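Enquirer: The numbering used here puts the first residue of the sequence shown at 27, with every later residue one more than the last.
Can you keep this structure in mind? I'll have questions shortly.
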Amino acid sequence: DEVEEAFDGRTRSWAREMDPPSGLLGKVGRGSTLLEQMRILLPDNEVKGLVVCSPYFDEDGEALDKLLGKFEPAKTEILVQKKYPGLPKTAMLRLPKNVKVVPISFTRVAENDLERESFVHAKFYAFSTSDRITVFVGSANCSRAALTIAGKNGNAELLAVQILNPDEFRNNYLDEISKLEGVLK
């Protein structure tokens with residue numbers, strides 16, 4: 027029901043016009059890490075920015091460190107739901123200066139017309155290059171088991187790939203998530 031609501035073209039205008047995925051990455055029992063698969067699809071040394079949206083991170087932020095180290099974006103925003111913080115404070119305090127942790131919320135209207143904050147369970151990694159944004163969206167949290175462990179020792183994960191312009195990215199991914207005032211780090 028929640029998936030159908032999230033992609034309901036009657037209430038989500040972007041869902042009516044959404045392009046199909048540009049590709050699919052996955053790891054189920056074998057294969058290279060999702061980070062390695064992402065790297066193959068992104069131009070070398072062209073990542074200018076990164077937006078990470080994940081409700082869960084490793085306790086020590088190891089997967090996030092590897093993500094930042096592999097792609098070296100000039101600036102990064104990590105979207106973290108303030109009410110349900112999934113990024114441990116110890117990991118947040120170790121982040122480089124070019125990484126901002128941005129508090130977010132998502133509010134929906136229930137059948138009784140009352141607004142309530144909902145848990146943001148979405149996971150996406152959006153890489154900006156000079157003329158496009160490559161978005162990897164799917165099941166993978168920002169964790170070792172999801173992103174950095176190859177083969178059967180890691181999680182089974184699936185990520186759809188979309189290549190968008192900045193306006194499409196904002197309309198399709200960011201418009202329904204409210205950025206709150208301030209920065210957590």
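Just so it is clear, CB atoms sit at the ideal spot from N, CA and C, and this is done for glycine as well.
Just so we're clear, the structure is a prediction, and the values are computed from it rather than from any experiment.
At 3 residues or longer, what runs of the beta strand (DSSP E) sit wholly inside the stretch 89 to 157?
Expert: DSSP runs (the beta strand (DSSP E)) wholly in the stretch 89 to 157: 101 to 107, 125 to 131, 133 to 135, 141 to 143 and 150 to 154.
Enquirer: Here's the rule I'm using: 16 or more other beta-carbon atoms within 10 Å means buried, otherwise exposed. How should Asn-71 be labelled?
Expert: Answer is exposed; the Cβ neighbour count stays below 16.
Enquirer: If we ignore side chains and look at the alpha-carbon of each, how far apart do Leu-113 and Glu-85 end up?
Expert: Straight-line Cα distance between these residues: approximately 8 Å.
Enquirer: Any idea if Ser-154 is buried or exposed, counting beta-carbon neighbours within 10 angstroms, 16 or more meaning buried?
Expert: Buried: at least 16 other Cβ atoms inside 10 Å.
Enquirer: Between which two residues does the beta strand (DSSP E) carrying Glu-183 extend?
Expert: Unbroken beta strand (DSSP E) run through Glu-183: 183 to 190.
Enquirer: Is Leu-94 near Val-127, with beta carbons less than 8 Å apart?
Expert: Not a contact, by the Cβ cut-off of 8 Å.
Enquirer: Can you say whether Arg-170 is buried or exposed, counting buried as having 16 or more other CB atoms within 10 angstroms of its CB?
Expert: That one is buried.
Enquirer: Determine the direct distance from the alpha carbon of Ser-131 to that of Glu-207, and round the result to whole angstroms.
Expert: Spanning the two alpha carbons is a distance of roughly 11 Å.
Enquirer: Got a sec? Which residues, its chain only, sit under 6 Å from Leu-184 by beta carbon, not counting five neighbours each side?
Expert: Excluding sequence neighbours, Leu-184 sits near Gly-52, Gly-164 and Ser-165.
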